[in-house]
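The sequence shown begins at 1 in full-length UniProt numbering and counts up one residue at a time.
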Amino acid sequence: MASSSCLNVAITQPCVSLSPSFSPNSKHPNQSLLPHSSFTPIHSSSLPLRSNQILSHPRSYKLPLPYAPNFHVVALAKVEPLKVMISGPPASGKGTQCELITKKYGLVHIPAGDLLRAEIASASENGKRAKEYMEKGELVPDEIVVMMVKERLLQPDSQEKGWLLDGYPRSSSQAAGLEDFGIHPDLFILLEVPEDILVERVVGRRLDPLTGKIYHLKYSPPENEEIASRLTQRFDDTEEKVKLRLHTHHQNVEAVLSKYKDITVKVNGNAPKENVFAQIDAALTQLLELRKENSGSLAA
Numbered sequence: 001m002a003s004s005s006c007l008n009v010a011i012t013q014p015c016v017s018l019s020p021s022f023s024p025n026s027k028h029p030n031q032s033l034l035p036h037s038s039f040t041p042i043h044s045s046s047l048p049l050r051s052n053q054i055l056s057h058p059r060s061y062k063l064p065l066p067y068a069p070n071f072h073v074v075a076l077a078k079v080e081p082l083k084v085m086i087s088g089p090p091a092s093g094k095g096t097q098c099e100l101i102t103k104k105y106g107l108v109h110i111p112a113g114d115l116l117r118a119e120i121a122s123a124s125e126n127g128k129r130a131k132e133y134m135e136k137g138e139l140v141p142d143e144i145v146v147m148m149v150k151e152r153l154l155q156p157d158s159q160e161k162g163w164l165l166d167g168y169p170r171s172s173s174q175a176a177g178l179e180d181f182g183i184h185p186d187l188f189i190l191l192e193v194p195e196d197i198l199v200e201r202v203v204g205r206r207l208d209p210l211t212g213k214i215y216h217l218k219y220s221p222p223e224n225e226e227i228a229s230r231l232t233q234r235f236d237d238t239e240e241k242v243k244l245r246l247h248t249h250h251q252n253v254e255a256v257l258s259k260y261k262d263i264t265v266k267v268n269g270n271a272p273k274e275n276v277f278a279q280i281d282a283a284l285t286q287l288l289e290l291r292k293e294n295s296g297s298l299a300a
């Protein structure tokens, strides 16, 4: 009977740990604890595991061996991918920061505006419905756009890598629509830049119609006179129109912040792009480290 106390289990998971749990109420002279009467999985599956079987599922199991220590086989929990939303007024540098975030963290970048255009171009059901409203000169209803965003966030690449939702939601009703679908971000990043700086950035922007490159008369001037001579200004890049857009942005973002105030990180966007990203990077790194710690404690 003494030989039956040996645990004969082959473990194939590289991150598995074994931790014995002993019972002080043992009555058998050679046993360390009371044997369990049946196999009990910690999570889902209830199939029995014999002592000579290979453990192939990354879950925690109790192995019922008579007169033997009750070992808990624990696989380290996988860290969930990041789910991030980012918002910022026109000319806040949001596009640049999205590029830097996705480059470092591998998140799937989902710009809401591009998503709407892509759905229409693909002639999807949601795209067809959206096009009907746009052709009438009407705004696309929230429920259509929310459905588009929801379906994109639930695609395999977004679920596996995590996602960066850019410029959405823009109202409390849109945020509520995502909440209804069970979509909750881990972090809401808000870029903040003084209004006078934003106006200067927008009004000074110029487009090269030949290459599509964006210049700024002060911060990123054209390389030569030939390029400068063909630059154009977008019709809505005037001071009057940018101030109207900023007013709309501030109204919308305040409504959204009421939904995400507990997970909002406000970032000073009036700095070189590297310094702005350093603030964002610090917040994301802290979030990941906390998540890893929590996953480790759950698996221990």
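We treat Cβ as the ideally placed atom computed from N, Cα and C, and that holds for glycine. All values derive from a computational prediction rather than experimental measurement.
Nearest Cα to Ala91 within the set Asn270, Thr285 and Ile183: Asn270.
For Leu165, the enclosing beta strand (DSSP E) covers residues Trp163 to Asp166.
Its chain contains Asp237, Thr238, Glu239 and Val242 as the residues whose beta carbon lies nearer than 8 Å to that of Val203, once the 5 sequence neighbours on both sides are disregarded; these appear in chain order. With a cutoff of 8 Å on beta-carbon distance, Val256 and Ser87 are scored as near each other. Looking at the DSSP output, Asn268 bridges to Glu192.
With fewer than 16 other beta carbons inside 10 angstroms of its own, Phe235 counts as exposed. Looking at the DSSP output, Thr248 shares a beta bridge with no other residue. Here DSSP, grouped into helix, strand and coil, assigns Arg170 to coil. Cβ contact annotation for Ile263 (same chain, cutoff 8 Å, sequence separation greater than five): Pro185, Asp186, Leu187 and Phe188, in chain order.
The continuous beta strand (DSSP E) containing Leu207 extends over residues Arg205 to Leu207. Between Leu217 and the set Lys292, Glu99 and Gln233, the nearest pair of CA atoms involves Gln233.
The beta carbon of Ile280 lies closer than 7 Å to those of Gln97, Ile101, Ile189 and Val267 in the same chain, with the five residues before and after it left out. Using a C-beta cut-off of 8 Å, the region 162-178 makes contact with the region 102-115, since at least three inter-stretch Cβ pairs fall below that distance.
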